[in-house]
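Inspection log for the structure reproduced underneath, given as structure tokens.
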């Protein structure tokens, strides 16, 4: 058994066992064990990757542990899997967030079994997406990841959940329709140099797809993925969706699922259609920069914690898109690091918001106040998360943002300069909305008598938070190994430009 | 000589921070105090040992101070550009180590008494350690990015400490303001750093400050000097932007608005961060890059520094005249003195005696740290005794607090520039340097010297002399843990001026001899004594002169009292323009236009489906009719075509 | 095979019968009447099967089998439909198709 397929098999097995679970206790134990096994596999994969990479340099084989099984011969569809440094990092992110999500849902009330099943099906899709190097397989895993979202929000959500779930699913489905057209466009051009039609990314990367086709299919593929990455103006599903979703789902969705967007853009749209990317980059840079500034400014005026975090995500993920479109290694490195960093941070935030909501039954910051006194642990973690979010050195956000800024600054023309400066200016606005929340919600006098005896954080909540804090601080303190691993994996990409 | 061990100087406070921070709720007050003080004591000993080794043993080779660098790669940007972490030992960093260690140790000792019995005692010491760690890291930074990293960290420690009393709305507002204003300045700093990195290919101080490369247009650092931005070289622009960062942290006009409010923090914090160490980081930053500032395009950036410094020192001194909160008076005084330092750097030359401005600035940084920390700690002692910050609540305290009285007086004399106290020597050098290179700034600073003497003694007489107030509890002298640091700093403030500073610190690292400039000294002492004398007349006994002058100035007084309405201007910009006119419409736009468009698409689909839904009546008969009609039509068509 | 009667006459009758059934099915509101109409259509078809079998392929029996089959199915269907109608009547006290619209929404 190859170590990559395990990432699909283990979650599937977990789901199968979950079906036999009788109550919450059994369900969560099974999910926890599954999550732990996945985390172990991800860490193991990291070490294996380093070992293997030392033997096989990137120039020889961009992907490691490649396995290829033919699946549907007529259309040359394969189940092809393999990883490079970027996917390894993403797999670690996913496994950590999934495990943290299980911890946070420790006391889920309604239909626990079904909840965990949906959650892990979603995770399966994400794992599969990150390991596949066959476009078709990738697309299928993408859909597997998106569909359970509808159930998770529609059944376990709160507020206008049907509306949000429907909006989210429809927008993402609309995007995947575009995406499918884009992928098929790539497929039918993959024999441009002679040879057979193929879905294999590594094979297509060797083909010179004609410029006209690239120009046509790049925006389709880009938007298809970017809707998931909350590209302005297609981000509106995200605030509503997150606000209605249950805690663990928000965590997984913002922390992992939205990363599929950036990753897909990078791996598919930009890697396979480089000329299209160069041709279209100016247009999407404008949209992405608007997203960065706009998300941050919109977050200033929100009062609902989840909305604040959702708009903050729009801003942070906008940075990922800006960085990807800057088309150089430093910025790309920043984009990947920012994806990881945002994944951990936003999952942390949603977890904290869930805990606060569970205790106080409100997410309106104007109604909260003085939580630092009554919930010291949760509040302290919130402040740390906030500091990470506003790019304080020592946390992951700083490392990522600096790479993005330095990378973006490599372009000398006025257009890119303006875009870069506008992006950098978002760090000031970010500080404003983070400190606003900290000031109103955590500091100050206690506004509600009932808040005086809120239950303290429980062990599973703590574990969930620690799990997310460790990588945030680890990345921020010692970024060298991670950033070098990613930089190394970027070599084949930059060779295309 | 290997200076690798200096890495321990920041790491020890970091360890203390982690120990105290992770167990903030469990560790008892006594233990926290002892751990904090011992940790810092270790760092202080190492700092002094380093200073001794550097200045007297190994630092000087052939009459030139050497720069020692130990570093390791922290993160790679590109193949050539990376962030390093390490320590850089040269005269100014060692001098700063001494300053930071001394003040921080004194503040730690003092806080044990001052914060005694406070609920968050352990948290307080954890924050102090975090600050010390960041400040040491900033001082020892080997490159621009490292300094930026620690720059942000001191910013956040400052935020945490200002907001230490986190249930007090004014403290929250102040901490937010401090963080956001400096963050805004750091935005400039960051862009400057990235520009430097891009156009010169390095962040490293040693490479950037190499005077030979800076004078050779073909060198890698200077290759892009021809690229211009708005008429100036991009390097000059970058330096100005870096100075914006420095100005934010050092509370230079117009980014000074956070400093007075920062006085909401506990007084030891004001002494440590907002008087002696963090706020001079901007001065240190400019000094760090002094060769660049000096050589790039003939020092245009340096002129900006000089004028901003000069103007800030004047405006702050004027505002300080009218304030009543004793900590705010000291805050404006700090701003004014930092303006002095900036101005001195700005007018300095590079080689030999030309570099007097640089030396004087560093010298003033050194002496100012001592006497300003003393002033703040003294003010803290007073506040501790009378439980108020406001000058009107004080008076005649000299009888109750003899030690505080004497030490405060020494500090006030030092800042007023009365010989033989420390401030006299450093201020004299600054004025002498200004006299040589820029007459306008010299006269401005000369007036500021008089204003300084006046408002300091207004403060001194107001607290310790004047009319005795009715106190709820009889004020009493603070405990030994608080007065001991006062006495130590008083001694230092009295004698620090005798250090032959120019031998140690000079821009070209060679060192030279200075002497007191008698004519300038006479002028500065003259105006200083005049200021003291006026204050003596107006405030030693309660008189009505002050009120008369106040009403005579009327309008101007009101403007000054309200700090020239700069805060209100900022408030107007942020509240009315950014929040109301930009952020609010953005939020509205998102909800209604962007989201509205998406909803419109959805709703249109729903509407269309509603319209055609009528065909699906749900009545089997209708379906059957349609079905049969269809069959009939199909058959007819079929038959028609068959024939 | 009935002497003197051609297949055309029989087919005309069954066609009439069938369309009377269609007409009844479409226009009647009473479920029982609709059921009767359905029966008419089924019977028309059954007669067609027998007639065509007898006139065109006299030596075969498939058509007869089919009509027997249809009668059986029609009987079962009627039983089922009647029971549904009775249940429906209990529920809404009506056998009018316009009243039974619950599943439309």
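Chains as they are written, first to last, in this note's numbering: chain A, 39 to 535; chain B, 15 to 657; chain C, 3 to 107.
Cβ atoms here follow ideal geometry from the backbone N, Cα and C, with glycine treated the same way.
Bear in mind that the values here come from a model prediction, so they are computed numbers and not experimental data.
Taking the beta carbon of residue i as the centre, do at least 16 other beta carbons fall within 10 Å, making it buried, or is it exposed?
| i | result |
| --- | --- |
| residue 86 (chain C) | exposed |
| residue 488 (chain A) | exposed |
| residue 401 (chain A) | buried |
| residue 10 (chain C) | exposed |
| residue 265 (chain A) | buried |
| residue 517 (chain A) | buried |
| residue 605 (chain B) | exposed |
| residue 273 (chain A) | buried |
| residue 538 (chain B) | buried |
| residue 445 (chain B) | buried |
| residue 111 (chain A) | exposed |
| residue 97 (chain A) | exposed |
| residue 188 (chain B) | buried |
| residue 76 (chain A) | buried |
For residue i, which of the options has the nearest alpha-carbon?
| i | options | result |
| --- | --- | --- |
| residue 114 (chain B) | B:173, B:286 and B:18 | B:286 |
| residue 228 (chain B) | B:197, B:310, B:423 and B:189 | B:310 |
| residue 105 (chain B) | B:53, B:553 and B:301 | B:301 |
| residue 160 (chain B) | B:131, B:299, B:257 and B:363 | B:299 |
| residue 395 (chain A) | A:284, A:169, A:110 and A:507 | A:284 |
| residue 363 (chain B) | B:81, B:450, B:471 and B:350 | B:450 |
| residue 108 (chain A) | A:174, A:368 and A:275 | A:174 |
| residue 137 (chain B) | B:39, B:151 and B:352 | B:39 |
| residue 319 (chain B) | B:290, B:336, B:259 and B:461 | B:259 |
| residue 65 (chain B) | B:51, B:116 and B:502 | B:116 |
| residue 252 (chain A) | A:277, A:432, A:495 and A:222 | A:222 |
| residue 184 (chain A) | A:472, A:48, A:299 and A:464 | A:299 |
| residue 365 (chain A) | A:390, A:426 and A:446 | A:446 |
| residue 30 (chain A) | A:435, A:490 and A:242 | Nothing about residue 30 (chain A) can be reported from this structure: the residues present for chain A run from 39 to 535 only. |
Identify the contact partners of residue i in chain B, using a Cβ-Cβ distance below 7 Å as the criterion.
| i | result |
| --- | --- |
| residue 27 (chain C) | 635 and 638 |
Cβ closer than 8 Å: which chain C residues qualify as neighbours of residue i?
| i | result |
| --- | --- |
| residue 626 (chain B) | Per Cβ cutoff of 8 Å: no residues; residue 626 (chain B) is ~15 Å from chain C at best. |
Going along the chain, which residues of its own chain have a beta-carbon closer than 6 Å to the beta-carbon of residue i, five neighbours each way excluded?
| i | result |
| --- | --- |
| residue 84 (chain B) | 18, 100 and 101 |
| residue 37 (chain C) | 83 |
| residue 62 (chain A) | 150 |
| residue 68 (chain C) | 51 |
| residue 107 (chain C) | Confidence is the limiting factor: at residue 107 (chain C) the pLDDT is only 49, short of 50, which leaves the residue's position unreliable and the question unanswerable from this model. |
| residue 155 (chain A) | 53 and 56 |
Skipping 5 residues on each side, what residues in its chain have a beta carbon closer than 7 Å to that of residue i?
| i | result |
| --- | --- |
| residue 526 (chain B) | 366, 367, 516 and 520 |
| residue 31 (chain B) | 140, 143, 144 and 147 |
For a contact meaning CB atoms closer than 9 Å, what does residue i contact in chain B?
| i | result |
| --- | --- |
| residue 465 (chain A) | 197, 200, 201 and 204 |
| residue 441 (chain A) | 89 and 91 |
| residue 99 (chain C) | 633, 634 and 635 |
Using a Cβ-Cβ cutoff of less than 8 Å, which residues in the same chain neighbour residue i once the five nearest sequence positions on both sides are dropped?
| i | result |
| --- | --- |
| residue 558 (chain B) | none |
| residue 41 (chain C) | 23, 76 and 80 |
| residue 188 (chain A) | 203, 204, 206 and 207 |
Interface residues of chain C around residue i at Cβ under 7 Å?
| i | result |
| --- | --- |
| residue 676 (chain B) | This structure cannot settle anything about residue 676 (chain B), because the visible part of chain B is limited to 15 through 657. |
Counting only Cβ pairs nearer than 7 Å, list the residues of chain A close to residue i.
| i | result |
| --- | --- |
| residue 39 (chain B) | 414 |
Could you tell me which chain A residues have their CB closer than 8 Å to the CB of residue i, listed as they occur along the chain?
| i | result |
| --- | --- |
| residue 23 (chain B) | The premise fails here: residue 23 (chain B) is roughly 18 Å from chain A at the closest Cβ pair, so nothing lies under 8 Å. |
Checklist entry - Of all the residues that make up the segment 178-206 of chain B, which are near chain A by a beta-carbon distance shorter than 7 Å? => result If you check each beta-carbon in the segment 178-206 of chain B against every beta-carbon of chain A, the ones closer than 7 Å belong to 180, 181, 183, 186, 190, 193, 194, 197, 198, 201, 204 and 205.
Checklist entry - Just by C-beta distance, which residues in the segment 134-163 of chain A are closer than 7 Å to chain B? => result Taking 7 Å as the cut-off between beta carbons, none of the residues of the segment 134-163 of chain A comes near chain B.
Checklist entry - Going along the chain, which residues of the segment 23-55 of chain C sit with their C-beta nearer than 7 Å to a C-beta in chain B? => result When C-beta distances to chain B are compared with 7 Å, the residues of the segment 23-55 of chain C below that value are 24, 27 and 28, in chain order.
Next on the checklist: Against chain A, which members of the segment 123-153 of chain B pass a CB distance test of less than 7 Å?
Outcome noted: Those would be none; no residue qualifies.
Checklist entry - Of all the residues that make up the segment 595-610 of chain B, which are near chain A by a beta-carbon distance shorter than 7 Å? => result Hits within the stretch, in order: 596, 597, 598, 600, 601, 604, 608 and 609.
Next on the checklist: Please identify, using Cβ separations under 7 Å, the residues of the segment 517-534 of chain A that lie next to chain B, in order along the chain.
Outcome noted: Taking 7 Å as the Cβ-Cβ cut-off, the segment 517-534 of chain A approaches chain B at 517, 518, 521, 522 and 525, given in chain order.
Item to check | Selection of the segment 311-339 of chain A by Cβ proximity to chain B, strictly under 8 Å | outcome: Those residues of the segment 311-339 of chain A placed with their C-beta closer than 8 Å to a C-beta in chain B are 332, 335, 336, 338 and 339, ordered along the chain.
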